[in-house]
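Student:
Protein chains: 2
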Amino acid sequence: MATALQAGVDLANICSGKGYCGKCLVEVVEGVSNLSPPTELELKRIQPEKISKGFRLACQSKVRGNVILKVPDQSRVGRQKLVIMGKEPPVVVKSNIRKIFLELQPPTLLKPIADDENLLSALALKGDENLRLNYTTVKKIPRVLRESGWKVTMTLLGENDVIDIQPGDTSKNSFGVAVDVGTTKLAVFIADLTDGGLVFADGVMNPQIKFGEDVISRINYSTHGEYQLRELQNTIIEGINELIDKGLSETGINRDELYELVCVGNTAMHHLFMGIDCKNLGLSPYPASMGKAYDLTAHEMGLGINPSGNVHTLPNVAGFVGADAIADILACRLHEKEKLSLLMDVGTNTEVMLGNKEGIWSCSTASGPAFEGAHIRHGMRAASGAIERVKIVHPLDIECKIIDDEKARGICGSGIIDAIAEMLKNGIMDTSGRILEGPRVREGNNGREFILVTREETASGQEEIVVTQDDIREIQKAKAAMYAGYMTLMKKSNSTQKSLSEIIIAGAFGTYIDPESARIIGMIPEMPLERISFTGNTAGSGARICLKSIECRKEAQAIASKIRYVELAAEQVFLEEYINAMYMPNSKLEDFPETVNIIKAPKVVKRYVKR
Amino acid sequence: MATALQAGVDLANICSGKGYCGKCLVEVVEGVSNLSPPTELELKRIQPEKISKGFRLACQSKVRGNVILKVPDQSRVGRQKLVIMGKEPPVVVKSNIRKIFLELQPPTLLKPIADDENLLSALALKGDENLRLNYTTVKKIPRVLRESGWKVTMTLLGENDVIDIQPGDTSKNSFGVAVDVGTTKLAVFIADLTDGGLVFADGVMNPQIKFGEDVISRINYSTHGEYQLRELQNTIIEGINELIDKGLSETGINRDELYELVCVGNTAMHHLFMGIDCKNLGLSPYPASMGKAYDLTAHEMGLGINPSGNVHTLPNVAGFVGADAIADILACRLHEKEKLSLLMDVGTNTEVMLGNKEGIWSCSTASGPAFEGAHIRHGMRAASGAIERVKIVHPLDIECKIIDDEKARGICGSGIIDAIAEMLKNGIMDTSGRILEGPRVREGNNGREFILVTREETASGQEEIVVTQDDIREIQKAKAAMYAGYMTLMKKSNSTQKSLSEIIIAGAFGTYIDPESARIIGMIPEMPLERISFTGNTAGSGARICLKSIECRKEAQAIASKIRYVELAAEQVFLEEYINAMYMPNSKLEDFPETVNIIKAPKVVKRYVKR
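For the record, the sequence lines run as chains W and U. So the first sequence is numbered by the working numbering: it starts at 2 and just counts up by one. So the second sequence is numbered by the working numbering: it starts at 2 and just counts up by one.
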């Protein structure tokens, strides 16, 4: 694997080379003898007939000489796939599912013990007492006991529930699903519950997008009636089921051996996943309907795992700070930090969390879909052909890095932030965000436009790729909301700017932001670059660690019950800071001393003044 | 009520005049002013428009002068109805269901508390913590809270589960269903869970009878496949649902306010009700599939109560001593007796229980359907026209009591026992059961027949009603099995005949047996008549008290775990005693000294001798 990655081969590496995911399958075309023999993990994850044809896991094979490999398409990363992954802290696996193999004595005339009592006393001998057998299990018991010659494996959920019986010893086969329902993306992960290994990860666009791009439009759609609410719920459940189906067919796992599903999402996505009325999320005072963690049965929800499997949802903090924020905190360990840290999950809504082990304050800001490329003239998602990096060496000399090194098709979120920061640095616009006259600037139908890529250099060859005045306004509103959210929490928690020691940017989009650009436009407070980190989709990571460890679920509950939520609509300070933050980096320049030195843009700053 | 009963009026009296059941509804035609004014209970149980038309509950109205009443058909007992009732010990009502009325504070911008947390903290203030909201409730919460102006009633099941939310204060509306699934009869009771009052009781033939009359034929049918097992289950569930529907329409109770259903039955009926494979009940060593008590959800079972309601089944002792036997013990308080007592639930199978507070032994005997009138030439169920009492004054002078004083149509179980006892007393047959030559005895196609009712005296006028030699053999086998079961338990428990202090005959059929006749034919041990009691359908009584009191459920569990089951197939002593008991009263005459003095039949007794 290391050899392949060094050679720049596009090879999937979901489990970081641990051999769990089986994603880095390669076909050895020549030089089999120059490879180490297949490891135990390879024998577990690759079908025997494939091994004999020369298929290997790159992460498990050591190269001792020349080898020619073929990388099948399904083992290539593909840029879009990666955005579902995020930093994951190590956790001790402590699954909510336990499987216990039993060898029973059949009943006799002198001891005609009932089947259920026979099972329960064998389990009691192994230390599990006060168990409840669920209805599905009870119905299967007499047949499975006899067909298996009284050798069976029982599946236990939590402390007290028996949810399945299988013939023979299947105690090693135990899998679970972690789901992150984002407003824009849906990610599904399958993990081995015995060792915590990730065996499948995939994401698609949230299929609810047809009902509206942002949270509010979906909430509005759901309020049309019970039918529409069910439609939204069914759409997301079907989306999850399709990814599960894909995971089962790729891994060969038996559906009935997926015993748990842990789901996170923002409060609206959580409620729509659960089919819960979320009308009130859109009405002041924006209360969540469900704040607690829940454990439901898969068949109640129509999810494609074992019908008796457990569906766990993490708690929500408020109407706009949901289970995904709790997952972020868990994955980034914000609740264990010694010093004051800022965690922002940047998305269509950005959740802002400020705190450390002493306590956490949170709020949510409607940053809008601009970072995802929406509402931007040439905006697009981070896919092949998107400008992801911009460097203005001189207004007439612009360097653009384009995903997959293709010709430019548009600009994605990280690219537009770069472009605006560079325009600011180079005096192409003023600190109020107004594009100034100059080279590559032209008058468009809605104000000035800055030409980033000339027509000839684009993929289509039809139209220049530009940054418009309206594009800049969109980004200003988005970044101002985020920064004002942060400042509001600083004031509510009586913290000083100096005490802030670390900034963590979570969210799939965040992975690609240039921290310097973000700092220059004032999206985040000024901070040495080495103390700004990007953790990717930590909502998904939080879901995965909660799937693997019930201790993490307890932590999630503890975080939810302690976190202090600030409703920005009730805070005058938010409005003040929002207006200040519409400037770039901000109208309070004293908070951005270094940035002030970098930018060449004319300063047009009006401070918000209380009347 | 007392006045009506004294006057011989056929008037329902299910709740023993407590005013709960509303069954003794009468219409006052004349003399309203001679009645006491309507009581609170009457106002609760009778619709207001009926009260104004002069409808009253007989049990609540005191008569102070002449009154003319009309008894509507539905308030008449009807002979068949009564057989579902049985003796019920008083219990302190402690329902598994609690309803709690809450007045909540709506969320505000400064405290935008989630709906579920709002509810749960209000419940915690009332002392209920660590509650789980079920999925159905969670889905209703946001709407019901707002539509009700934040005044709602929560329904709690057990210690930790919230299963419903309703607008307003409905805390007084809480009902449950007790079900006794007999092989022959199905009885359904509805009780008020707030005060324990019985508000509805009805029974029908078990609709599974079309699949076979006895337990074994139904087990055989179920083994044909999954479809047949489901067919049997659906048939009984539909039968129960039809009676529930009838109860709801008669009482005006809301289906969603039926929160629990407690079911008893013999092990086979229990398993078929649950849809559990019961093939093994018919195969040595006859183990039950389910021995434990279960709590399931109504919608899983398709039962017509609140879909989130709880279905509780009592534990089974063994393949042929089921939850109904536990219910009998509970209702008859066998587990609290100081002295050794015998409890027999007489039916197609007769469960025999022997013991006291020190311990209980049990077994089951296949007594067959003879007592229900089956396999008897002129046998019929205890309905209008059935001979229920027989007295032979002289072979030429026979007195028969016929149900409803109609002309005889046949003979029911109590009548045939009387007839055989009288034939024995009058020397019409010998102690081996052989009919002797004499008056009213004729040769039939299958041996001799004793003419009980001449052709002219029957309802049809077509054919004499006779007791055949085969009829006597059927009764001999049935009573021998019961007595041998009792004797086996006596030997297993090392008890002496003298220590037996009481005989309790349970079962609908038992209600009508003449204890002297039963003793004469040797169906039960010899015992002074005042120490033989008949308690009726105590399986139903046990189900009812377990519905009303969770303490009774704990008692049931304790009984089930302590009771000692004897599998008669493994006992040589059973076979010996069965052969002895084929004689009447028995070949061991020393155990029946008084009976020996009464009977005039020639003694033809061969004692079973071990070889």
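Cβ atoms here follow ideal geometry from the backbone N, Cα and C, with glycine treated the same way.
Can you have a look at Val-153 of chain W and say buried or exposed, based on whether 16 or more other CB atoms are within 10 angstroms of its CB?
Tutor: Translated into the one-based positions of the first sequence, residue 153 of chain W becomes position 152. With 16 or more Cβ atoms within 10 Å of its Cβ, Val-153 of chain W is classed as buried.
Student: One question on the structure: do Met-86 of chain U and Leu-120 of chain U come within less than 8 Å of each other, judged by their Cβ atoms?
Tutor: Within the second sequence, residue 86 of chain U is the residue found at index 85, counting from 1. Within the second sequence, residue 120 of chain U is the residue found at index 119, counting from 1. No, the pair does not count as a contact, with Cβ atoms beyond the cut-off.
Student: Can you say whether Leu-83 of chain W is buried or exposed, counting buried as having 16 or more other CB atoms within 10 angstroms of its CB?
Tutor: Locating residue 83 of chain W in the first sequence gives position 82, where the first residue counts as 1. A caution first: Leu-83 of chain W carries a pLDDT of 49, below 50, which makes its placement in the model too unreliable to give a value.
Student: Hey, could you find the ends of the alpha helix (DSSP H) Asp-515 of chain W is sitting in?
Tutor: Position 514 of the first sequence holds residue 515 of chain W. Unbroken run through Asp-515 of chain W: none, as it is neither H nor E.
Student: With a threshold of 8 Å between beta-carbons, can Leu-110 of chain W be considered close to chain U, or not?
Tutor: Here residue 110 of chain W corresponds to residue number 109 of the first sequence, with the count starting at 1. Yes, contact with chain U.
Student: Is the region 107–125 of chain W touching the region 219–235 of chain W, taking contact as three or more C-beta pairs under 8 Å?
Tutor: Not touching, per the Cβ criterion.
Student: Do you know how far the Cα of Ile-327 of chain W is from the Cα of Lys-492 of chain W?
Tutor: Reading the first sequence from its first residue, position 491 is the one you call residue 492 of chain W. Reading the first sequence from its first residue, position 326 is the one you call residue 327 of chain W. Looking at the two C-alpha atoms, the distance is approximately 22 Å.
Student: What span of residues does the beta strand (DSSP E) with His-379 of chain W cover, start to end?
Tutor: Reading the first sequence from its first residue, position 378 is the one you call residue 379 of chain W. No beta strand (DSSP E) contains His-379 of chain W, which DSSP labels as neither H nor E.
Student: Along the chain, where does the alpha helix (DSSP H) that runs through Leu-282 of chain W open and close?
Tutor: Within the first sequence, the letter at position 281 stands for residue 282 of chain W. Careful: Leu-282 of chain W lies outside any alpha helix (DSSP H) and carries neither H nor E.
Student: Return the chain-ordered list of same chain residues with a C-beta closer than 7 Å to the C-beta of Gly-79 of chain U, the five sequence neighbours on each side being excluded.
Tutor: Locating residue 79 of chain U in the second sequence gives position 78, where the first residue counts as 1. Because the pLDDT of Gly-79 of chain U is 45, which lies under 50, any placement of that residue in the model is unreliable, and the number read from its coordinates should be weighed accordingly. Cβ within range, chain order: n/a, list empty.
Student: What in chain U is Cβ-close to Ile-129 of chain W, meaning under 7 Å?
Tutor: Residue 129 of chain W sits at position 128 when you count from the first residue of the first sequence. It is Asp, not Ile, that sits at residue 129 of chain W in the sequence shown. Chain U residues near Asp-129 of chain W: none, gap ~15 Å exceeds 7 Å.
Student: Find out if the Cβ-Cβ distance for the pair Thr-366 of chain W, Met-585 of chain W is shorter than 8 Å.
Tutor: As a first step, residue 366 of chain W is located in the first sequence; it is residue number 365 there, counting from the start. As a first step, residue 585 of chain W is located in the first sequence; it is residue number 584 there, counting from the start. The answer is no: Cβ separation not under 8 Å.
Student: Do Ile-330 of chain W and Leu-315 of chain W come within 8 Å of each other at the CB atom, strictly closer than that value?
Tutor: Translated into positions along the first sequence, residue 315 of chain W becomes position 314. Translated into positions along the first sequence, residue 330 of chain W becomes position 329. No, they are not a contact pair.
Student: Can you give me the start and stop residues for the beta strand (DSSP E) that Thr-459 of chain W sits inside?
Tutor: Along the first sequence, one-based indexing puts residue 459 of chain W at 458. Neither: Thr-459 of chain W is in no beta strand (DSSP E) and is coded neither H nor E.
Student: Helix or strand or just coil, what does DSSP make of Ile-98 of chain W?
Tutor: In the first sequence, counting from the first residue as 1, residue 98 of chain W sits at position 97. DSSP places Ile-98 of chain W in strand when its eight states are reduced to three.
Student: Per DSSP, what kind of secondary structure is Thr-171 of chain W in: helix, strand or coil?
Tutor: One-based indexing of the first sequence puts residue 171 of chain W at position 170. It is coil, neither helix nor strand.
Student: Give the single residue among U:Ser-175, U:Tyr-566, U:Lys-112, U:Pro-113 whose Cα lies nearest to the Cα of Leu-548 of chain U.
Tutor: For the purposes of this step, residue 548 of chain U is taken as the residue at position 547 of the second sequence. Comparing Cα positions, the closest option is U:Ser-175.
Student: Rounded to the nearest angstrom, what separates Leu-259 of chain W and Ile-98 of chain W at their Cα positions?
Tutor: Taking the first residue of the first sequence as position 1, residue 259 of chain W is located at position 258. Taking the first residue of the first sequence as position 1, residue 98 of chain W is located at position 97. Cα to Cα, the separation comes out at about 10 Å.
Student: I want to see whether chain W comes within less than 8 Å of Asp-162 of chain U, judged by CB atoms only; does it?
Tutor: If you number the second sequence from 1, residue 162 of chain U lands on position 161. Output row for Asp-162 of chain U: interface = no.
Student: Using 10 angstroms around the beta-carbon of Gln-463 of chain U, count the other beta-carbons present and answer buried if the total reaches 16, otherwise exposed.
Tutor: Your numbering for residue 463 of chain U matches position 462 in the second sequence. Flag for Gln-463 of chain U reads exposed.
Student: Give the DSSP-derived three-state secondary structure of Arg-80 of chain W in the structure shown.
Tutor: Locating residue 80 of chain W in the first sequence gives position 79, where the first residue counts as 1. Because the pLDDT at Arg-80 of chain W is just 46, under 50, the model does not fix this residue reliably, and the value given afterwards should be weighed accordingly. In this structure, Arg-80 of chain W counts as helix in the three-state DSSP scheme.
Student: Answer with yes or no whether the minimum CB distance from Glu-118 of chain U to chain W is below 8 Å.
Tutor: Locating residue 118 of chain U in the second sequence gives position 117, counting from the first residue. By this cut-off, Glu-118 of chain U is an interface position.
Student: Using a beta-carbon distance cut-off of less than 9 Å, what residues from the region 276–291 of chain U approach chain W?
Tutor: If the cut-off is 9 Å between Cβ atoms, the region 276–291 of chain U has Gly-276, Ile-277, Asp-278, Cys-279, Lys-280, Asn-281, Ser-285, Pro-286, Tyr-287, Pro-288, Ala-289, Ser-290, Met-291 near chain W.
Student: So is Arg-231 of chain U buried or exposed if we call it buried at 16+ other beta carbons inside 10 Å?
Tutor: As a working mapping, residue 231 of chain U is identified with position 230 in the second sequence. Exposed.
Student: Ile-614 of chain W and Ala-383 of chain W look like a contact to me (Cβ under 8 Å); what is the Cβ gap, rounded to whole Å?
Tutor: Since the first and last residues shown for chain W are 2 and 612, residue 614 of chain W lies out of range.
Student: Distance check for Glu-572 of chain U and Ala-294 of chain W, CA to CA, integer angstroms please.
Tutor: Indexing the first sequence from 1 puts residue 294 of chain W at position 293. Indexing the second sequence from 1 puts residue 572 of chain U at position 571. For Ala-294 of chain W and Glu-572 of chain U, the distance between alpha carbons rounds to 56 Å.
Student: Taking Cβ to Cβ, would you say Asp-117 of chain W is nearer than 8 Å to Ser-290 of chain U?
Tutor: Along the first sequence, one-based indexing puts residue 117 of chain W at 116. Along the second sequence, one-based indexing puts residue 290 of chain U at 289. The answer is yes: Cβ separation under 8 Å.
Student: Run through chain W and tell me which residues come within less than 7 Å of Ile-142 of chain U, C-beta to C-beta.
Tutor: Within the second sequence, numbered from 1, the residue matching residue 142 of chain U stands at position 141. Here the neighbours are Ser-290.
Student: Would you say Tyr-484 of chain U lies against chain W (beta-carbon separation less than 8 Å)?
Tutor: Here the question's residue 484 of chain U lines up with position 483 in the second sequence. So, not an interface residue.
Student: Could you pull the start and end residues of the alpha helix (DSSP H) that Tyr-136 of chain W belongs to?
Tutor: Walking along the first sequence from the start, residue 136 of chain W turns up at place 135. 136–148 is the span of the alpha helix (DSSP H), which, as asked, contains Tyr-136 of chain W.
Student: Measuring only the C-alpha atoms, how far is Gly-253 of chain U from Asn-581 of chain U?
Tutor: For the purposes of this step, residue 253 of chain U is taken as the residue at position 252 of the second sequence. For the purposes of this step, residue 581 of chain U is taken as the residue at position 580 of the second sequence. Looking at the two C-alpha atoms, the distance is approximately 55 Å.
Student: Check for me: the alpha helix (DSSP H) holding Arg-334 of chain W runs from which residue to which?
Tutor: As a working mapping, residue 334 of chain W is identified with position 333 in the first sequence. Unbroken run through Arg-334 of chain W: none, as it is neither H nor E.
Student: Establish whether the CB of Asn-317 of chain U and some CB of chain W are separated by less than 8 Å.
Tutor: Counting from 1 along the second sequence, the entry for residue 317 of chain U is found at position 316. Taking Cβ atoms only, chain W reaches closer than 8 Å to Asn-317 of chain U, which makes this a yes.
Student: What three-state label does DSSP hand His-225 of chain W in the structure shown?
Tutor: Here residue 225 of chain W corresponds to residue number 224 of the first sequence, with the count starting at 1. Reduced to three states, the DSSP call for His-225 of chain W is coil.
Student: Below 6 Å CB to CB, which residues in the same chain sit around Asp-162 of chain W once its five sequence neighbours on both sides are set aside?
Tutor: Mapped onto the first sequence, residue 162 of chain W falls at position 161. Within the same chain, Asp-162 of chain W has close Cβ partners Arg-133.
Student: Is the Cβ-Cβ distance between Gly-323 of chain W and Thr-236 of chain W less than 8 Å?
Tutor: By one-based count along the first sequence, residue 323 of chain W stands at place 322. By one-based count along the first sequence, residue 236 of chain W stands at place 235. Not in contact: Gly-323 of chain W and Thr-236 of chain W (Cβ atoms no closer than 8 Å).
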